[in-house]
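Below is one structure, written out as structure tokens; comments come after it.
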Amino acid sequence: MEPIISVQNITKHYQVHQKEEGLRGSLKSLVKRNYKTVKAVDDISFALHVGELVGFIGPNGAGKTTTLKMLSGLLYPTSGEINVLGYRPYEKKSDFLKQISFVMGQKNQLWWDIPAIESFNLNKEIYEVPEKRYREVVDELVELLDLKHVLHQQVRRLSLGERMKCELVAALIYTPKILFLDEPTLGLDVVVQKKIREFIKMYNKKYGATVILTSHYMDDVEEICDRIIMIDHGKLMFDGPISKLIQTYANHKTLVVVFKSLVERSDLERLGEIKEFEYPRAVIRVPREKTSSVAAELLQKFDVDDLNINEPELEDIIRMLFTKS
Ligand SMILES: Nc1ncnc2c1ncn2[C@@H]1O[C@H](COP(=O)(O)OP(=O)(O)O)[C@@H](O)[C@H]1O
Ligand SMILES: [Mg+2]
5 MEPIISVQNI TKHYQVHQKE EGLRGSLKSL VKRNYKTVKA VDDISFALHV
55 GELVGFIGPN GAGKTTTLKM LSGLLYPTSG EINVLGYRPY EKKSDFLKQI
105 SFVMGQKNQL WWDIPAIESF NLNKEIYEVP EKRYREVVDE LVELLDLKHV
155 LHQQVRRLSL GERMKCELVA ALIYTPKILF LDEPTLGLDV VVQKKIREFI
205 KMYNKKYGAT VILTSHYMDD VEEICDRIIM IDHGKLMFDG PISKLIQTYA
255 NHKTLVVVFK SLVERSDLER LGEIKEFEYP RAVIRVPREK TSSVAAELLQ
305 KFDVDDLNIN EPELEDIIRM LFTKS
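In our numbering, the protein residues as written are 5 to 329.
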């Protein structure tokens with residue numbers, strides 16, 4: 005099956021104006037401007053198939069939003085190839101735009117001064133959704149997201165959570181095939197976060213919509229995404245099932261042992277996964293919760309010269325990524 009989204013070696017460089025400190029710097033920059041290149045996205049490739057629900061994760065400034073903007077046609081890539089639904093997004097063909105939707109947690113896309121239902125109506129017109137279909141979609145989404153009581157209030161009067169739910173409805177009026185969600189749960193309380201997560205998951209299952217979701221809440225991606233794409237400093241760090249990510253980076257520690265007297269590999273096998281063994285040194289991977297008991301056992305039962313307990317190398321990155329801010 006052809007991928008619905010295919011990205012090959014894309015980069016996005018921003019030119020950022022740099023000014024030296026102080027008055028002197030200001031004067032100098034009037035004469036000659038210095039620019040620095042920020043590599044926001046640095047040679048990333050991946051492909052998505054219809055119906056996938058992918059979590060796009062990485063610390064602040066990793067390049068997530070920039071990538072989504074390129075995928076949805078808001079930004080031109082500096083280099084590389086992007087194909088979404090058979091289109092080059094930056095050409096912004098209306099047939100393309102009618103099949104995708106982009107929701108940003110930090111950015112309000114609804115009309116602030118009018119009730120949400122009127123924004124929905126506007127989207128119906130813009131995206132040429134037939135009346136009957138529109139009714140069905142709105143009724144269903146409003147029901148699912150429990151929004152009936154807020155539809156006729158000015159958007160500015162809604163809570164952040166209610167507004168976010170309305171943003172989702174507005175984005176789904178025309179049943180897009182691809183949904184880009186940029187930090188949809190940012191700043192929401194846990195109950196609403198959960199509700200929105202469940203909704204996204206349900207929507208993906210029921211309509212077969214392809215969803216890319218960025219978040220820095222671990223819970224978001226852990227609960228709903230089958231696949232994780234992780235970026236840092238614009239580079240792709242990981243692409244695969246979340247189980248593999250956790251297994252690889254977060255669930256284990258490694259014990260590095262140096263023995264004083266002879267030990268066989270088979271003596272160690274029940275303690276954990278032997279990653280390396282060359283007497284007198286062994287590297288054993290142990291489930292996190294068993295680390296101390298295995299360490300104690302090693303010290304008791306063997307003649308140990310040295311023992312080190314190491315975190316997985318990417319642990320720190322992961323922790324930073326998933327900090328509940
Ligand atoms: N319009 C812009 N001009 C210059 N630099 C930008 C612009 N937008 C983003 N950046 C920079 O590009 C990098 C990636 O930003 P972004 O894609 O917003 O990351 P994320 O969404 O992962 O937090 C950051 O270093 C950011 O400061
Ligand atoms: Mg962002």
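Positions of the beta carbon are idealized from the N, C-alpha and C atoms, including for glycine.
Cβ-based neighbour list, residue i, same chain, cut-off 7 Å, excluding 5 preceding and 5 following
| i | result |
| --- | --- |
| D307 | F263, K264 and S265 |
| K128 | Y138 and I177 |
| S10 | A51 and N87 |
| D193 | G165 |
| Q110 | E187 and L190 |
| K23 | G29, S30 and S33 |
| I313 | K257, L259, T295 and A299 |
| Q12 | S49, G84 and E85 |
| V133 | I177 and Y178 |
Extent of the continuous alpha helix (DSSP H) run through residue i
| i | result |
| --- | --- |
| R285 | That residue, R285, is in no alpha helix (DSSP H); its beta strand (DSSP E) goes R285 to P291. |
| Q197 | V194 to Y211 |
| Y138 | E135 to L149 |
| D271 | R269 to L272 |
| V54 | Taken as a continuous stretch (DSSP letters only), V54 belongs to no alpha helix (DSSP H), as it is neither H nor E. |
| Q304 | T295 to K305 |
| G244 | Note, G244: premise wrong, no alpha helix (DSSP H); beta strand (DSSP E) at K239 to P245. |
| S83 | From DSSP, S83 is part of no alpha helix (DSSP H) but of the beta strand (DSSP E) over S83 to V88. |
| V35 | G26 to V35 |
| D186 | Not the alpha helix (DSSP H): D186 falls in the beta strand (DSSP E), residues I182 to D186. |
| T71 | K68 to S76 |
| K111 | Note, K111: premise wrong, no alpha helix (DSSP H); not H, not E. |
| G165 | L164 to L176 |
| L101 | S98 to L101 |
Residue i versus the options, residue with shortest Cα-Cα distance
| i | options | result |
| --- | --- | --- |
| P7 | I233, T214 and T295 | T214 |
| V58 | I86, E25, I216 and F184 | I216 |
| Q158 | T295, L185, Y283 and F124 | F124 |
| P81 | H17, V260, D224 and D310 | H17 |
| I118 | H256, H156 and K43 | H156 |
| F106 | S33, L172 and P134 | L172 |
| V20 | T41, T258, P245 and E227 | T41 |
| D236 | R28, E24 and F60 | F60 |
| K169 | S296, E140 and E202 | E202 |
| Y131 | L275, S98 and K152 | S98 |
| I200 | E280, T258, Y211 and E227 | E227 |
| S219 | E280, Y207, Y211 and F184 | F184 |
| E280 | V260, K294, S296 and S297 | V260 |
| E293 | L275, K209 and D150 | L275 |
| Y211 | V195, L89, V141 and K305 | V141 |
| L148 | K248, M234 and I204 | I204 |
| Y283 | D310, S247, Q304 and V133 | D310 |
| Y337 | E277, L101, E144 and L27 | As displayed, the chain neither begins before 5 nor continues past 329, which places residue 337 out of reach and without an answer. |
| L151 | K136, R160 and R167 | R167 |
Own chain partners of residue i with C-beta closer than 8 Å, once the 5 adjacent residues on each side are dropped
| i | result |
| --- | --- |
| L126 | W115 |
| A174 | Q113, L114, A120, S123, F124 and N127 |
| Q197 | T189, Y221, D223 and D224 |
| P245 | D230, R231 and I232 |
| L162 | A120, V154 and C170 |
| M5 | H53 and V54 |
| F100 | G77, V88, L89, Y91 and P93 |
| R160 | W116 and D117 |
6 Å CB neighbourhood of residue i in its chain, flanking five on each side removed
| i | result |
| --- | --- |
| P180 | Q103, I104 and S105 |
| M108 | D186 |
First through last residue of the beta strand (DSSP E) which encompasses residue i
| i | result |
| --- | --- |
| V260 | H256 to F263 |
| R231 | R231 to D236 |
| N13 | I9 to Q22 |
| D117 | Counting along the chain, D117 falls outside any beta strand (DSSP E), and DSSP gives it neither H nor E. |
| V107 | I104 to M108 |
| E282 | E277 to E282 |
| L217 | T214 to T218 |
| L311 | V308 to N314 |
Beta-carbon separation (whole angstroms), residue i vs residue j, contact threshold 8 Å
| i | j | result |
| --- | --- | --- |
| I182 | L89 | 7 Å |
| G62 | M234 | 6 Å |
Legend entry - Segment contact, 8 Å Cβ cut-off, at least three pairs: the segment 45-63 with the segment 26-37: no
Inset, instruction - Report yes or no: do the segment 83-94 and the segment 261-275 share at least 3 C-beta pairs separated by less than 8 Å? - result: no
Inset, instruction - Spell out a yes or no on whether the segment 238-247 and the segment 285-298 are touching, meaning 3 or more CB-CB pairs, one atom from each, closer than 8 Å. - result: no
Inset, instruction - Report yes or no: do three or more beta-carbon pairs, one from the segment 65-75 and one from the segment 42-50, lie closer than 8 Å? - result: yes
Inset, instruction - Check whether the segment 267-277 touches the segment 71-85, taking contact to mean three or more Cβ pairs, one atom from each stretch, closer than 8 Å. - result: no
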